[in-house]
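Its first residue numbered 5, the sequence shown is counted upward by one per residue in the working numbering.
Backbone N, C-alpha and C define an ideal beta-carbon position, used for all residues, glycine too.
Note sheet for the following structure.
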Amino acid sequence: MDNLYKMTYHIEPSRGLINDPNGFIQYKGIYYFFHQWNRFGLDHSYKEWGLFTSKDMIHWQSQGSAILPDREEDKHGVHSGSSIEHDGKMYLFYTGSNKNNGIRKSRQCIAISENGQTFIKQKEVIDTPNGFTEHHRDPKVWRGHKNWFMLVGAQKSDLTGVVALYSSNDLLHWNYEHILYDNNLDQVCECPDLFRLNNETDILICCPQKRTFVLSENKETVSSYTCYIAGNFDENTMSFTPSQCRKYFDYGFDFYSPQTFLDSKGRRIMAGWMSRMDEEQEALCPTKEFGYIHCLTLPRVLTWENNMLYQRPIEEVFQLRHNAQSYTSKQGKFQAETGHFELHLIQNKSHSFTLYLRNRTICITYHAKTQILEVSRKNWVNGEMQIKQLMLSELLELQIFSDNSSAEIFVNNGAVVFSMRYFTSNQNLEIEYAGLEHGEKLQYFTL
Ligand code: FRU
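Laid out in structure tokens, this is it:
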């Protein structure tokens, strides 16, 4: 049977389940995107680091397994983490999980590679300090001026989520410093990240997670989301002072656990897991019949401009553009050539606009009067439209990247992004729009 949902320029596994991006690095000219992987099944019961490599972040090669759960410290999971290059070597940091007798023990572990092919686990590990539970994971390491820093996503003994800070002089021995951030992070903070943009603003990314027991269904549900806080990280006091309120990182349906790295061109590049679905959607995700589930987002360049975070797709994706078409009439309908395409709208001034993708599987509407942007997609579980709404004072630009079963919608030059999966027949290629004004155009490219 043909797989209508297979991605063409996004990372997805050939089998099993993929979740968080891990250890992003450009090493000896090659982009390494490690990731959480259950290569044996479609659930979260087993985790190792898999690896994709690429020269351009568009054409990917699966390298299979990179770090396996094969020693006491990590035998119940090689969980998320990061990597860094030092003296020509790649240092990888991950959380080793051990659940002997059902008791969770987490350790931040280290592996070193000199060739990007073999990853040698080190004996040094970081044990969880007092004051925390064993929900202590997802180390993110970066170079400061004087030493190395590590953030760890954590839970305090009072069962609230926090970000813990460590420092090191040699990447092998780490000191716990203190809690860097603890403002309203639900029960656990997962996958933190911290980096500076444009030499002026530090961005702290947090993924707060909470478990709620639903009495009527007699089960626990997990909810989580990704946010960021702009501010300043002072290396001397090792403290983070927010300068803005906390914001959502992505406004779509499927986005979680982003990770960033700096590439050789000085770009701060981010990709996330495009599918922290709710349980029902994960259970009924249509790719499961082809033996795999989930994918990563397109890599995006992060910048800080006019006190705002912008996310834009890496320019490498434009090399895929062909079959350009331009639509200028007030409203219209046309057929995309395939499910992998780009649409680009630039408005001369803000006004209402409506765009339907793939026979109304996704609808984007901007209501100029109420200043509401509405993005909806058909839920594959029940066929109903799910809606996200956002107050947006003006709509000037829309850029949409569709792959066969995903859409990433960049609004106003990347000031706001909506990421999502969608599933529809490959016959459904109709694109419909309404609201173009004189002198404006909607551009289409097959990717
Ligand atoms: C986030 C997360 C991480 C953990 C990993 C396990 O999605 O729960 O906190 O390290 O996934 O796969």
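Near the ligand FRU: Gln-40 beta-carbon under 7 Å from a heavy atom: In the sequence shown, the residue the question calls residue 40 occupies position 36. The answer is yes for Gln-40.
Presumed contact (8 Å Cβ cut-off) between His-63 and Glu-128, rounded CB distance: Here residue 63 refers to the residue found at position 59 of the sequence shown. Here residue 128 refers to the residue found at position 124 of the sequence shown. Going by Cβ atoms, the distance from His-63 to Glu-128 rounds to 36 Å, so no, they are not a contact pair.
Gln-126 to Tyr-50 span [Cα, whole Å]: Your numbering for residue 126 matches position 122 in the sequence shown. Your numbering for residue 50 matches position 46 in the sequence shown. Roughly 22 Å separates the two Cα atoms.
Inter-stretch contact at 8 Å, needing at least 3 Cβ pairs: the region 281-293 / the region 234-252: no
Boundaries of the beta strand (DSSP E) in which Ala-462 is found, first to last residue: With the chain running from 5 to 451 in the structure shown, residue 462 is simply not present.
Presumed contact (8 Å Cβ cut-off) between Asp-258 and Arg-362, rounded CB distance: If you number the sequence shown from 1, residue 258 lands on position 254. If you number the sequence shown from 1, residue 362 lands on position 358. Contact flag wrong, Cβ pair sits at about 16 Å.
Reference Glu-89; option with closest CA among Ala-275, Tyr-31 and Gly-100: For the purposes of this step, residue 89 is identified with residue 85 of the sequence shown, where counting begins at 1. Nearest of Ala-275, Tyr-31 and Gly-100 to Glu-89, Cα basis: Tyr-31.
With 16 other Cβ atoms within 10 Å as the buried cut-off, status of Arg-280: Taking the first residue of the sequence shown as 1, we reach residue 280 at position 276. By the 10 Å Cβ count, Arg-280 comes out buried.
CA nearest to the CA of Ser-86, picked from Phe-97, Met-5 and Glu-77: Reading the sequence shown from its first residue, position 82 is the one you call residue 86. Nearest of Phe-97, Met-5 and Glu-77 to Ser-86, Cα basis: Phe-97.
Boundaries of the alpha helix (DSSP H) in which Glu-286 is found, first to last residue: Taking the sequence shown and counting its residues from 1, one reaches residue 286 at position 282. 283-287 is the span of the alpha helix (DSSP H), which, as asked, contains Glu-286.
Three-pair Cβ contact test at 8 Å for the region 263-274 versus the region 228-236: no
Helix, strand or coil at Glu-194 [DSSP, three-state]: The count along the sequence shown starts at 1 and reaches residue 194 at position 190. Strand, per DSSP.
6 Å Cβ shell around Ser-171 - same chain, five flanking residues per side excluded: The residue labelled residue 171 in the question sits at position 167 within the sequence shown. So the list reads Asn-151, Phe-153, Asn-179 and Glu-181, once near-sequence residues are dropped.
C-alpha distance - Val-82 paired with Gly-439, whole-angstrom precision: Numbered from 1 along the sequence shown, position 78 holds the residue referred to as residue 82. Numbered from 1 along the sequence shown, position 435 holds the residue referred to as residue 439. Their backbone Cα atoms lie some 50 Å apart in a straight line.
CA-to-CA distance, Tyr-448 to Asn-173, given in whole angstroms: Here residue 173 refers to the residue found at position 169 when the sequence shown is read from its first residue. Here residue 448 refers to the residue found at position 444 when the sequence shown is read from its first residue. Answer to the nearest angstrom: the Cα atoms are 51 Å apart.
Reduced DSSP category for Ala-106 - H, G, I as helix; E, B as strand; rest coil: Stepping through the sequence shown from its first residue, residue 106 is reached at position 102. Looking at the sequence itself, residue 106 is Gly, so the reference to Ala does not match. Secondary structure at Gly-106: helix, using DSSP grouped into helix, strand and coil.
Cβ neighbours of Tyr-260 in the same chain (closer than 7 Å, five flanking residues each side left out): Here residue 260 is taken as the residue at index 256 of the sequence shown, counted from 1. Within the same chain, Tyr-260 has close Cβ partners Cys-211, Ser-228, Thr-230, Gly-276, Trp-277 and Arg-280.
Gln-323, DSSP secondary structure in three states: Taking the sequence shown and counting its residues from 1, the one referred to as residue 323 is at position 319. If DSSP states are grouped into helix, strand and coil, Gln-323 belongs with the helices.
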